[in-house]
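Using this note's numbering, you'd call the opening residue of the sequence shown number 65 and step up by one each time. Just so it is clear, CB atoms sit at the ideal spot from N, CA and C, and this is done for glycine as well. Just so we're clear, the structure is a prediction, and the values are computed from it rather than from any experiment. Structure first, then comments.
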Amino acid sequence: MDLVIKNGTIITANDTYKADIAVKDGKIVMIGHNIMLQGAEMVDAAGKYVLPGAIDAHTHLQMPFGGTTSADSYEAGTRAAACGGVTTVFDFVIQRKGQGLIEAVEGRKQLCDPQACVDYAFHTAITDLTPAVLDEFGASAEYGVPSFKLFMVYKKEGLMVDDGVLALALEKSKETGCLVAVHAENPDVIDKRIEKFISEGKTSAWYHYESRPEFVEAEADKRAIHWAKAFNAPLYIVHLANKEGLDEVTKAKDEGYEIYAETCPQYLHFTNEVYKREDGRNWVCSPPIKAQESQTALWEGIKRGDIVTVATDHCPFQSYEKDWGINNFTKIPNGCMGIENLYPYMLSEANKGRISFNKAVEVCAANVAKIFGCAPEKGTIAVGADADIVIYDPDKKFIVSKDNMHSDVDYTIWEDVELKGYPVMTFSRGKLVYNNGEFVGEPGWGRFIKCRPRK
Ligand code: DUC
Ligand code: ZN
Ligand code: ZN
């Protein structure tokens, strides 16, 4: 036996109970009372909560974007993940024009493998849906990547696909047990609004929000849901940030369609007021953070179960890169950080009473594993599961600052946010990777997780 975690309160998506956990060869092998094993390392978790590691379903590590590359390498991003209790990271592979799906994934895997400090999996963002790529859906699923993202925006950046492609992908995903995810915003309306604001000299970060407000996202959510319904195909909407789109998700789910909505901590904590700040560019991401009404609706959506996952869209840039847009919001690289803040923030909200701890575990871990095909090994604490475990001190006070974060970025949008409770240890397959403020893992430890297609 390698490790015994004693006296803690175990919290999964469904249960809360006191028990000890025994770990061997990276797996949970026993859960019970008074487990005493010779030679095993003992961790006393009395007064602490013992949770499954979070799974960040949405990251963009070292991604070429916005005229640069996102600032966290695979090493820095997964190091920060470990320190925030995230033990599996789903990163986006961007398919280049003419590239095959598996070819694209293998290229990224080579980059990630020696760097990853926690386990990782991929979704592929399809930018060039040729007949050969469509035929590769099944093979990609067999390879371990059964989920694809389609950008309904970023036309000029060469990432966008049109509705025809979206419809084809949905139809094929249904046949092959894959899942299509969308970044939903309306590109034409955005482009015209940007043109107008720039011509009027309206160049501050506030006009990033104004160029893509609630209705721009809602229209695309509705359109994507329309196509998913037409093919009776499952659909996952990434980073949903607006109330009207969420209402459409609720309606479709009530009608029996398999529609999943994800939101992000930045949409749950901040409102569009941040874009009025002098440093508002630091919060520029797409879709932008919306008004209070949407934020309130997102929390209600989580409680009702219409938003099923919370993930980060972690895509940070250094402050000098954000500064490119001081005088023109269109020059700000889009993206925010959150990989180290996701679980501590959601657990803190649970600790403050907004949601239950079980709900926080459900949306940050259990549901992600189920939806993307890596349950029951990931996302829960159970015999046979990977020993991805977070020990959480509900009494620890923590104020976020760039100085106590572990990524490579020189600022954080979460600066000065006060959290009630904080992770004190993270285990990745039984190995201690974070201990009381310090990263103690190693690059290359993380493994590629092969996800399974849907039945
Ligand atoms: N949105 C961002 O803000 N950054 C990366 C990609 C995206 O869709
Ligand atoms: Zn996106
Ligand atoms: Zn994204």
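- In the three-state reduction of the DSSP assignment, residue 415 falls in the helix class.
- In chain order, 120, 123, 136, 141, 144, 145, 148, 150, 153, 376, 378 and 471 place their CB closer than 8 Å to the CB of residue 403, counting only its own chain and leaving out the 5 sequence neighbours on each side.
- Where residue 296 is concerned, there is no enclosing alpha helix (DSSP H), because DSSP gives it neither an H nor an E.
- By the neighbour-count criterion, in which 16 or more other beta carbons inside 10 Å mark a residue as buried, residue 480 falls on the exposed side.
- Assignment of residue 289 by DSSP, reduced to helix, strand and coil, places it in the helix class.
- If you check the CB distance, residue 304 and residue 326 come in under 8 Å.
- For ligand 2, the residues with a Cβ under 7 Å from any of its heavy atoms are, in chain order, 215, 247, 302, 303, 350 and 377.
- In this structure, residue 243 and residue 211 form a Cβ contact; the two beta carbons are roughly 5 Å apart against a cut-off of 8 Å.
- Not one heavy atom of ligand 3 is found less than 7 Å from the C-beta of residue 187.
- Per DSSP, reduced to three states, the secondary structure at residue 263 is helical.
- Residue 157 is not a Cβ neighbour of residue 106, given a cutoff of 8 Å.
- The distance from the Cβ of residue 462 to that of residue 498 is about 13 Å, inconsistent with a contact at the 8 Å cut-off.
- Secondary structure of residue 211 (DSSP, three-state): strand.
- Burial is judged here by how many other beta carbons sit within 10 angstroms of a residue's own beta carbon; residue 381 has at least 16 and is buried.
- In the assembly as shown, residue 272 is a buried residue. Its beta-carbon has 16 or more other beta-carbons within 10 Å.
- For the set 324, 289, 293 and 405, the Cα lying nearest the Cα of residue 368 is the one of 324.
- By the CB criterion at 8 Å, residue 330 and residue 400 fall inside the cutoff.
- In the structure shown, residue 255 falls within a helical segment according to DSSP collapsed to helix, strand and coil.
- Rounded to whole angstroms, the Cβ separation of residue 441 and residue 351 is 32 Å, and the two are not in contact under 8 Å.
- Counting C-beta atoms within 10 angstroms of its own C-beta, residue 384 has fewer than 16 neighbours from the protein chains shown and is therefore classed as exposed.
- With fewer than 16 neighbouring CB atoms inside 10 Å of its own CB, residue 79 falls in the exposed class.
- Each residue's CA atom was taken as its position, placing residue 396 and residue 215 some 19 Å apart.
- The closest heavy atom of ligand 3 lies 7 Å or more from the beta carbon of residue 436.
- Residue 174 sits away from residue 165, with the two beta carbons spaced by 8 Å or more.
- With respect to residue 92, residue 446 sits close: the two C-beta atoms are nearer than 8 Å.
- Residue 290 counts as exposed, since fewer than 16 other beta carbons sit within 10 angstroms of its beta carbon.
- Per DSSP, residue 234 is one residue of the alpha helix (DSSP H) stretching across 227-240.
- Per DSSP, reduced to three states, the secondary structure at residue 492 is strand.
- Below 8 Å, enough C-beta pairs join the stretch 178-196 and the stretch 225-241 to call them touching: three or more.
- Secondary structure at residue 247: strand, using DSSP grouped into helix, strand and coil.
- Among the bridge pairs identified by DSSP, residue 116 is matched with 453.
- Secondary structure of residue 97 (DSSP, three-state): coil.
- Within the same chain, and ignoring the five residues on either side of residue 424 in sequence, the residues whose Cβ sits closer than 6 Å to its Cβ are 410, 411 and 414.
- By the Cβ rule, the stretch 259-266 does not count as touching the stretch 314-321, because fewer than three pairs are nearer than 8 Å.
- Selection 247, 177 and 342 evaluated against residue 138 yields 177 as nearest (Cα-Cα).
- Taking 8 Å as the cut-off, the Cβ atoms of residue 209 and residue 240 do not count as close.
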